[in-house]
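Input: a single structure, listed below in structure tokens.
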Amino acid sequence: MTSDTPRIVLEVAGLSVRYGKVDALRDVHLSVRAGQIVTVIGPNGAGKSTLLNALMGALPVQGHASGRVSYLDEDLNGVEIEDRVARGMCLVPETRALFASMTIEDNLQLGAWRRRKAGTRDYLDQLETVFSLFPRLKERRRQLAGTLSGGERQMLAIGRALMGKPDLLMLDEPSLGLAPLITREILRIVSELRKTGVATLLIEQNARAALQIADFGYVLETGDIVLEGVADALESNPRVIETYLGLA
Ligand code: ATP
1 MTSDTPRIVL EVAGLSVRYG KVDALRDVHL SVRAGQIVTV IGPNGAGKST
51 LLNALMGALP VQGHASGRVS YLDEDLNGVE IEDRVARGMC LVPETRALFA
101 SMTIEDNLQL GAWRRRKAGT RDYLDQLETV FSLFPRLKER RRQLAGTLSG
151 GERQMLAIGR ALMGKPDLLM LDEPSLGLAP LITREILRIV SELRKTGVAT
201 LLIEQNARAA LQIADFGYVL ETGDIVLEGV ADALESNPRV IETYLGLA
């Protein structure tokens, strides 16, 4: 490793998750470095949401995880979800979970509450950073979140996550329910996040769109990582082409 290799932000080793008798993840290994976009692609039921929930320490009670997850060189075993967030991990769930009766700006403010509570004063700088990534949010800053289009809601969900200045941003199916053009626009913005140094773990069913912006990718099928590699190589892998890109 050279001295300019970005540091590992997230390292997962031998992660397995069971729901009762069901193996949802088996012996998963993956890592994400600062400024990288790493994608996990796979079909419905492959275990993608389970992976993100396990990483956040937010598995449902019937879920049992084993293996090791380290974040910024610290083992997360026994670390509560609030503490993971405080350390700079942030998950944008499929549901987007916005406050519909609050404005865009108020939703963004909420994303920064933890840092503001800790006395950090660069909230306005971060707001400007988010507005420069998502000019559409700036134009509509006083609009109620409940009146936004699906694409705008996804922008707001990502923008709100960025207000907490995470080191690791985890996105669960950001393209879900969105038209291809909007998906492309959102993923283009996600690819710009590299410049900010944030590491992104992108969970996607839309393999083509995800591999186009990612640095590295993993293919998850029924709980197993069956393939991994640099994103360009995966895009030209015959198995990926046949199963996920529909070009065969
Ligand atoms: P999707 O894209 O459809 O959300 P996914 O790749 O995110 O799928 P998971 O939701 O993680 O997959 O599910 C992985 C497996 O674990 C599936 O077989 C699912 O039925 C099972 N599973 C998920 N949650 C639970 C639960 N709370 N209890 C029991 N089994 C579960």
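Here the sequence shown is numbered in full-length UniProt numbering, starting from 1 and rising by one per residue. Think of the CB as a built atom: it goes at the ideal place given N, C-alpha and C, for glycine as much as any other residue. Since the model is a prediction, treat every value here as computed from it, not as a measurement.
Next on the checklist: Do G223 and A24 count as a contact pair if the criterion is CB distance below 8 Å?
Outcome noted: yes
Next on the checklist: the ligand ATP and V219: does the residue's C-beta get closer than 7 Å to at least one heavy atom of that ligand?
Outcome noted: no
Item to check | Residues near L201 by beta carbon distance below 6 Å, same chain, minus five either side | outcome: V32, V38 and M170
Item to check | Cβ pair count under 8 Å reaching 3, the segment 106-114 against the segment 160-180 | outcome: yes
Next on the checklist: Is it the case that the segment 77-89 contacts the segment 53-62, given that we only count it when at least three CB pairs across the two stretches are under 8 Å?
Outcome noted: yes
Checklist entry - Beta-carbon of R7 versus every beta-carbon of chain B: anything under 8 Å? => result Checking the listed chains, one finds no chain B in this structure; it contains a single protein chain.
Checklist entry - Could you give the C-beta distance for D215 and V230, rounded to a whole number, given that I count them as a contact under 8 Å? => result 7 Å
Checklist entry - Say the cut is 7 Å; is the CB of residue 250 nearer than that to a heavy atom of the ligand ATP? => result With the chain covering only 1 through 248, there is no way to say anything about residue 250.
Checklist entry - Opposite H64 in the DSSP bridges: which residues? => result R18
Checklist entry - Roughly how many angstroms lie between the CA atoms of S70 and L52, to the nearest whole one? => result 14 Å
Item to check | Candidates I182, H64, R140 and I41: closest to Y19 by CA position | outcome: H64
Next on the checklist: What does the alpha-carbon distance come out to for the pair G159 and T5?
Outcome noted: 27 Å
Checklist entry - Which residue from F99, P60 and G67 puts its Cα closest to that of I81? => result P60
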